[in-house]
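Colleague: In numbering that gives the first Met the number 0, the protein residues as written are 0 to 257.
No residue lacks a Cβ here, since even glycine has one placed at the ideal position from N, Cα and C.
A quick note: this is a predicted structure, and the numbers were derived from the prediction, not measured.
Here it is: the structure, laid out below.
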Amino acid sequence: MKIYIVGAGPGDPDLITVKGLRLLQEADVVFYTDSLVSEELTAKAKPGAEVVKSSGMALEEMVAFMVERVKAGKMLVRLHTGDPAVYGATMEQMALLKKEGIDTVIVPGVSSVFAAAAAAGAELTIPELTQTLILTRAEGRTPVPDREQLKDLASHHCTIALFLSATLTKKVTKELLAAGWLPETPVVVVYRASWPDERIVRTTVEGMDEAMRQAGIRSHAMILAGWALDPEIHGKDEYRSKLYDRTFTHGFRKGVKP
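Right under this line is the structure:
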């Protein structure tokens, strides 16, 4: 017995993987996070499939529902927003399912961080500028480990993607400035990346809180911060990659000396 945990992608129903869509269309039961997964996607389920929302259920209720359906011989797909590996709360479900003798198969999905970067037209790793991307969240009602405080992570001065932090922008600004970030460091906030009502706010570390307040964004937002978000950075010669440099030799091309 098994269920399929499928990454539904960031919102656009076309951004589910081919494998994820196939499983969705084969499932007898589609159990989905209705606060974040598009109903346009669940509408692709096969005729007669049971399509059930999970946002009103606690963990034990969700697991009991899945166990009942699977033990009745149903093929069940659990649709999670984005990619299940990032803030997906999947492991706690899997642990309880395992106690019931039910295995899980995870199908990855497109994370909202990458949908946000695409919307912003940004490359998050720029040669000679930053080669590291940190995915994290600001500390609010949900604590973060002591060694993962934002100020400490930001001390690396690489690109940072902040999930679940749209209500904590004053704290984010304070932490980034305390880590030595310049007030004018670029920030891009993408609200509901890839959804029809997607909005993009370009601002700075110093101006982030006010820009988001004026835009009325306090949820469903990805915050991308760092100099890789400078829209002019891609045109600067000193930040070009070696991969396509005509003087650079690699396994498929011999470089030409200037």
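Please state whether DSSP places threonine 202 in a helix, a strand or coil.
Modeller: strand
Colleague: Within this structure, are the beta carbons of valine 109 and threonine 16 separated by less than 9 Å?
Modeller: yes
Colleague: Can you check which of these residues, Ala71, Thr124 and Lys173, is closest to histidine 233 by C-alpha distance?
Modeller: Thr124
Colleague: Identify, in the order they occur along the chain, each residue of the same chain with its Cβ nearer than 6 Å to the Cβ of valine 51, setting aside the five sequence neighbours on each side.
Modeller: Phe30
Colleague: My understanding is that threonine 168 touches threonine 184, with C-beta atoms under 8 Å, so please give their C-beta distance in whole angstroms.
Modeller: About 14 Å; that fails the 8 Å criterion.
Colleague: So what's methionine 221 in DSSP terms, helix, strand or just coil?
Modeller: strand
Colleague: Taking the beta carbon of glutamate 38 as the centre, do at least 16 other beta carbons fall within 10 Å, making it buried, or is it exposed?
Modeller: exposed
Colleague: Return the first residue and the last residue of the alpha helix (DSSP H) that arginine 212 is part of.
Modeller: 207-214
Colleague: How should glutamate 231 be labelled, buried or exposed, when 16 other C-beta atoms within 10 angstroms of its C-beta is the threshold for buried?
Modeller: exposed
Colleague: Return the bridge partner residues of valine 29 from the DSSP annotation.
Modeller: Val50 and Val76
Colleague: Could you give the residue range of the alpha helix (DSSP H) that holds lysine 70?
Modeller: 58-70
Colleague: If you follow the alpha helix (DSSP H) that aspartate 229 is part of, which residue opens it and which one closes it?
Modeller: Unbroken run through aspartate 229: none, as it is neither H nor E.
Colleague: How many Å lie between leucine 75 and glutamine 148 at the Cα?
Modeller: 38 Å
Colleague: Can you tell me which of the three DSSP states leucine 95 falls into?
Modeller: helix
Colleague: Which of the three DSSP states is assigned to leucine 161 in this structure?
Modeller: Look at leucine 161 here: in three-state DSSP terms it is strand.
Colleague: Classify methionine 0: buried if its beta carbon has 16 or more other beta carbons within 10 angstroms, exposed otherwise.
Modeller: exposed
Colleague: DSSP three-state label for glycine 6, please.
Modeller: strand
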